[in-house]
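Below is one structure, written out as structure tokens; comments come after it.
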Amino acid sequence: MNLIVNGEALEVDASTLAALLAALDYEGDWLATAVNSDLVHKANRAEFQLSDGDRIEILSPMQGG
Amino acid sequence: MNLIVNGEALEVDASTLAALLAALDYEGDWLATAVNSDLVHKANRAEFQLSDGDRIEILSPMQGG
Amino acid sequence: MNLIVNGEALEVDASTLAALLAALDYEGDWLATAVNSDLVHKANRAEFQLSDGDRIEILSPMQGG
Amino acid sequence: MNLIVNGEALEVDASTLAALLAALDYEGDWLATAVNSDLVHKANRAEFQLSDGDRIEILSPMQGG
Amino acid sequence: MFELFGATLPSRLLLGTAQYPSPAILADAVKASNASVVTVSLRREMAGGREGEKFWSLIRALGTRILPNTAGCHSVKEAVTTAKMAREVFGTSWIKLEVIGNQDTLQPDVFGLVEAARILCEDDFAVFPYTTDDLVVAERLLDAGCKVLMPWCAPIGSALGPVNITALRAMRKHFPDVPLIVDAGLGRPSHAATVMELGFDAVLLNTAVAKAADPVGMARAFGKAVEAGREAFGSGMLEPRDVAVPSTPTFGRAVF
Amino acid sequence: MFELFGATLPSRLLLGTAQYPSPAILADAVKASNASVVTVSLRREMAGGREGEKFWSLIRALGTRILPNTAGCHSVKEAVTTAKMAREVFGTSWIKLEVIGNQDTLQPDVFGLVEAARILCEDDFAVFPYTTDDLVVAERLLDAGCKVLMPWCAPIGSALGPVNITALRAMRKHFPDVPLIVDAGLGRPSHAATVMELGFDAVLLNTAVAKAADPVGMARAFGKAVEAGREAFGSGMLEPRDVAVPSTPTFGRAVF
Amino acid sequence: MFELFGATLPSRLLLGTAQYPSPAILADAVKASNASVVTVSLRREMAGGREGEKFWSLIRALGTRILPNTAGCHSVKEAVTTAKMAREVFGTSWIKLEVIGNQDTLQPDVFGLVEAARILCEDDFAVFPYTTDDLVVAERLLDAGCKVLMPWCAPIGSALGPVNITALRAMRKHFPDVPLIVDAGLGRPSHAATVMELGFDAVLLNTAVAKAADPVGMARAFGKAVEAGREAFGSGMLEPRDVAVPSTPTFGRAVF
Amino acid sequence: MFELFGATLPSRLLLGTAQYPSPAILADAVKASNASVVTVSLRREMAGGREGEKFWSLIRALGTRILPNTAGCHSVKEAVTTAKMAREVFGTSWIKLEVIGNQDTLQPDVFGLVEAARILCEDDFAVFPYTTDDLVVAERLLDAGCKVLMPWCAPIGSALGPVNITALRAMRKHFPDVPLIVDAGLGRPSHAATVMELGFDAVLLNTAVAKAADPVGMARAFGKAVEAGREAFGSGMLEPRDVAVPSTPTFGRAVF
């Protein structure tokens, strides 16, 4: 499937958000995910179906002012 | 008819805005009129029908900053 | 003898500065004395001869900024 | 005679200030002269005798703030 | 010379007409200030009244441009209707748009201001928005169709002068090509000169002149200060330096 | 109009003649500024030189009063001798007395200044002492015979403008009847207007005009600013207020 | 002690966590400042990355309250989604709401800010809006459900300190009971003390500490300055006086 | 830690002892301020009086260094004799030298000051001269033997704070190695922090603490502000910048 992950176009074989994270070796409960500009809760990643062209943001804590 | 003219409740016998101005002895082309918060052009005062409870503003030039 | 002590004219029977202090019931080592605008050391008060019209200042610690 | 004229050491054959000015081709009533830090009036230049080592200043108008 | 909405104005001073000791002093002050524009307003006329007519004749006689305001309006609706009434009475589409948002500081309600500006610009008014020094609000006003901006430099009538030079500088830098008129808060001619030196295109004031002990003299003073500030802006001012440098050359100094 | 040592001066601006791009620009700047007095200096003339003569003719042609200075003098002796030489050359007993005490700030040496002032006043000079804003020093200068004072408002050539308004106010208040001329430190016309609004009698400047991109335009700007500030001082300015008050009367406002 | 959203905070200093030379220095600076709250952010994590985890552990170890921000968001949508993601990651409903409207001054887009604030307040966020000193905007934010306001005192990272004291005073006076935190623009401890003396409830800063030559020393300095300003506010400061009065009593002075 | 005349002082705050509501409050304020030095004075004792003794015991109990002053002296002779009497009573050669030259501003008579300083330095006093920000006067005081300078930052008791930052900066720059103590004119802790940030070595104040509604709280506030300012000076403060820069890094920002 063609996705845009953190701004980069990727072709990944993953039907759900959880699968995508696993495929890309993301793990840890300090991650936050959004698909097409909307938050997807940790709890919903497993059943969240991805579609071609989805824009996914995977964020984690950083310094801030 | 019961009208509110420049904030004061009046009972006037005038069916049009033009008639009201005449009845109250208003004259002069430097006057501007509004009924219920909308401008009524000079040209339209004659045919502008007033209704009971209408709020009329009759304004003229003053100093301003 | 006519003296001016702390700005007040007095007639006192005292020939030395020490005698004057005693006569006026001044005591304490926290006092400083000047005669006619010059310091008179504690140690010199006993032999310091006063003359008619001398101006004596007797000062002690006070608050200051 | 050895003189210091406007800061420069010169040997000039001139016994008076007026002679010095002439020798150095100075002229004009807009000049002011001082010898050894004192003003010498225009009128006195002719009789003003110079001595060896005198410091002479010859000034004229300039821009100023 | 100064261009606004196609009009060429002989001076960069806009003067208010309120609060003068007398109509005669108002007229003299306007002349002394060499103002090219005067602001006016509308108020309720009494039955049979002629007050408005007297004032209107006085103003027309001044021969300046007229800029009606929507002073005292607190809502978009009030401001828009007042603007339309003003256009009919004064025969000009120029309008100083005021939508007041706070009774203490008489500062603009920037939300209502942008909304009213859009409505009036679409209705072909030449809108002079009385606004703050907020750059983002300024952008919105330009998007709404405004061609000129009138930031305050301090609360109306406060006479404090420019209280935030940093913001005024940023505004001038950010909008190099938009006519910027400082409106409200000026107290002294030196304040007017200061904002003109920053490159503002003009100033609008009222209270500082009208409430002076001698309004006519003060009007003249402001007129000169505005010219002075503008000329200085165009003549390339010195930047402040921390160390003193001699004005009289040190070369050729006598040594005694 | 402004009286100094019996002379009636047409303007309250005194202008320096140093550092202009050319003699022609200097002359035009003086005219544009409407200055009533120009300051000049003395320097070493080269053997056979005519520099001084050229400059002197230029200055005389301006038709203004001339105020020679003792610029660059660091000792009482230097200053006194320079003053005497200036009196002979320029034919005036007016002298701007500078005794410099610090090379960084070019500030006056107030000790040498008072001493030199006493000597020159006794010798019938009309002394214009370049001093600080120190009231006690000012008293000494008056005791020494000075009839006018010239406090700085910032270091010479710094263009910082009045850095200590509190001190300038105190000085004006303390010497209500002594002519006070702000000398040195002004950078912009608004600075000049500010000190004139405080009630100072005149300003003396040089660098801010001479080093501007357009000295003639800047000279004109300062000329107007000085007039503006003086007229404002005489016209009773508004005191700053903390809360805003409407300029347009609220009485008779329409309600929509 | 200082109450915010039911939490009792031991100090009135909120500190940012960005731009420190190292994580260790960040941790030491937070401790030295005695800050009760630190701000954090979110950024993209690389595949397989552990950066976020490291930072997150460091922050948790500080034992302070955490205030996530929406730094860099230019739209309402961005800000709202970022806030929701932050709530999930950081486990707090506190959010410093930034909707940037201008890239030069990094000032808030007050229109987007109010809209985003309304959405987040309805979603039970404890919103800390980064806003300007505009009273009317402040009213809108309170109407939108905000319980605290964070006005800037100068552009972010400018270190200019309070550039508009008049506006800050008006804000404090107008909202006596709303917690007001000065956010952005502070450069020196004296700036922090100044706004605390005006009665502001707390300050939030980052660059002034993180970019100092010695961030830990500077953090300590700011911590003390905030306490000093608050204590002064509560201790009744002297009003400035124009005429000097002696501190040492004149009564009983010796006369020599 | 801070060295003066061989003594190591635990803090950089010197506090006056005048005008407190009560002796107890004076004592508490000194403790709360952590002042390392207190200033005292001399006055006429009544025949049989014990006032001086009570005050003297109170002061000794504070355990701080004592700095007697010559407050109120208007002549060299007065100041010198007062200094000598103080040395005998207080058993210290430290003396805060005041020679007042103007009753309105209570500013120093710099002429008398330099003369008195010379006499007292020759007599082995450790002279703390209360002076202005005049660099030339400062040079004379050092020539006279002074090892420390105490410039005012505003008139005594005015609470105006530093009215001439330019002059204070110049003074610090010109005398990098001379201990400089700002004396008189401070009104708020932020003022104290400001001058300490400029690199001054210490501050001396009295009225701002003694006349506060809560002198003890205000004393504590000033104590902290002085420490904050000093630590900031040593920690390398940010220079103000005109354009805003983001504190939160823009790298890795999410895009929605």
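Chains as they are written, first to last, in UniProt numbering: chain A, 1 to 65; chain B, 1 to 65; chain C, 1 to 65; chain D, 1 to 65; chain E, 1 to 256; chain F, 1 to 256; chain G, 1 to 256; chain H, 1 to 256.
Ideal Cβ placement from N, Cα and C applies to all residues, glycine included.
In this text the structure is predicted, and so the values were computed from the model without any measurement.
{"Asked": "In whole angstroms, what separates the C-alpha of R87 (chain H) from that of I95 (chain H)?", "Found": "8 Å"}
{"Asked": "Any Cβ of chain F within less than 8 Å of the Cβ of N44 (chain D)?", "Found": "no"}
{"Asked": "Spatial neighbours of K54 (chain G) within its chain, please: C-beta separation below 7 Å, excluding the five flanking residues on both sides.", "Found": "none"}
{"Asked": "For M218 (chain E), collect the residues of the same chain with a Cβ closer than 6 Å to its Cβ; drop the 5 residues on either side in sequence, then sort them by chain order.", "Found": "V209 and A212"}
{"Asked": "Among E:R188, E:T207 and E:T248, which one has its Cα closest to the Cα of S247 (chain F)?", "Found": "E:T207"}
{"Asked": "Note the first and the last residue of the continuous beta strand (DSSP E) segment covering P10 (chain H).", "Found": "P10 (chain H) -> no beta strand (DSSP E), and no H or E assigned at all."}
{"Asked": "Which of the residues in the segment 53-65 of chain E, read from start to end, lie with their CB under 8 Å from any CB of chain B?", "Found": "E53, F55, W56 and I59"}
{"Asked": "Closest Cβ-Cβ distance between T17 (chain F) and chain D: below 8 Å?", "Found": "yes"}
{"Asked": "By alpha-carbon positions, which one of A:D54, A:A34 and A:R55 ends up nearest to R45 (chain A)?", "Found": "A:A34"}
{"Asked": "Taking all protein chains shown into account, do 16 or more other C-beta atoms lie within 10 angstroms of the C-beta of H191 (chain F), making it buried, or fewer, making it exposed?", "Found": "buried"}
{"Asked": "For W94 (chain H), list the residues DSSP reports as bridge partners.", "Found": "H:A126"}
{"Asked": "Give the single residue among E:V163, E:V178, E:T105 and E:L141 whose Cα lies nearest to the Cα of D201 (chain E).", "Found": "E:V178"}
{"Asked": "Flag I58 (chain C) as yes if its beta-carbon sits less than 8 Å from any beta-carbon of chain H, otherwise no.", "Found": "yes"}
{"Asked": "Give me the Cα-Cα distance between M196 (chain F) and R188 (chain E), rounded to the nearest whole angstrom.", "Found": "11 Å"}
{"Asked": "So what's D29 (chain D) in DSSP terms, helix, strand or just coil?", "Found": "coil"}
{"Asked": "I'd like to know if G145 (chain F) contacts chain H, where contact means its C-beta is closer than 8 Å to some C-beta of that chain.", "Found": "no"}
{"Asked": "The ligand SAM and N164 (chain F): does the residue's C-beta get closer than 7 Å to at least one heavy atom of that ligand?", "Found": "Among the components modelled here there is no ligand, and therefore nothing to report on the ligand SAM."}
{"Asked": "Going by DSSP, which residues form a beta bridge with P108 (chain E)?", "Found": "E:I100"}
{"Asked": "Quick check on M1 (chain D) - is its C-beta less than 8 Å from some C-beta in chain E?", "Found": "no"}
{"Asked": "Any idea if M1 (chain G) is buried or exposed, counting beta-carbon neighbours within 10 angstroms, 16 or more meaning buried?", "Found": "exposed"}
{"Asked": "In terms of residue numbering, what span does the alpha helix (DSSP H) encompassing A208 (chain F) cover?", "Found": "T207 to A210"}
{"Asked": "Following the continuous beta strand (DSSP E) through A9 (chain B), name the residue where it begins and the one where it ends.", "Found": "E8 to E11"}
{"Asked": "Compare the C-beta of T81 (chain F) against all C-beta atoms of chain D and say whether one is closer than 8 Å.", "Found": "yes"}
{"Asked": "Terminal residues of the continuous beta strand (DSSP E) containing M62 (chain C)?", "Found": "R55 to Q63"}
{"Asked": "Just curious, the alpha helix (DSSP H) that L67 (chain F) is in, first and last residue?", "Found": "No alpha helix (DSSP H) holds L67 (chain F); the beta strand (DSSP E) holding it covers R65 to P68."}
{"Asked": "Using the rule of at least 16 other Cβ atoms within 10 Å of the residue's Cβ for burial, across every protein chain shown, is P129 (chain H) buried or exposed?", "Found": "buried"}
{"Asked": "Would R140 (chain H) pass as an interface residue toward chain F - the criterion being a Cβ-Cβ separation below 8 Å?", "Found": "yes"}
{"Asked": "What is the DSSP secondary structure of T166 (chain F), reduced to helix, strand or coil?", "Found": "helix"}
{"Asked": "Please report the distance separating the alpha-carbon of E11 (chain A) from that of A167 (chain G).", "Found": "54 Å"}
{"Asked": "Determine the closest residue to E139 (chain G) out of G:V37, G:F175 and G:F233, with distance taken between C-alpha atoms.", "Found": "G:F175"}
{"Asked": "Among residues of its own chain, excluding the 5 on either side of A126 (chain E), which ones have a beta-carbon nearer than 6 Å to its beta-carbon?", "Found": "F5, S93 and W94"}
{"Asked": "Counting only runs that start and end within the segment 19-64 of chain F, where is the beta strand (DSSP E) found for 3 or more residues in a row?", "Found": "37-44"}
{"Asked": "At a CB-CB cut-off below 9 Å, which residues of chain I make contact with F256 (chain E)?", "Found": "Here the protein chains are A, B, C, D, E, F, G and H, and chain I is not one of them."}
{"Asked": "Taking the continuous alpha helix (DSSP H) assigned at D133 (chain F), which residues delimit it?", "Found": "Note, D133 (chain F): premise wrong, no alpha helix (DSSP H); not H, not E."}
{"Asked": "Between which residues of its own chain and A144 (chain F) is the CB-CB distance below 7 Å, once the five residues before and five after are set aside?", "Found": "V114, A117, R118 and C121"}
{"Asked": "Starting from the Cα of L97 (chain F), find the closest Cα among F:T39, F:E239, F:G161 and F:P10 and give me that residue.", "Found": "F:T39"}
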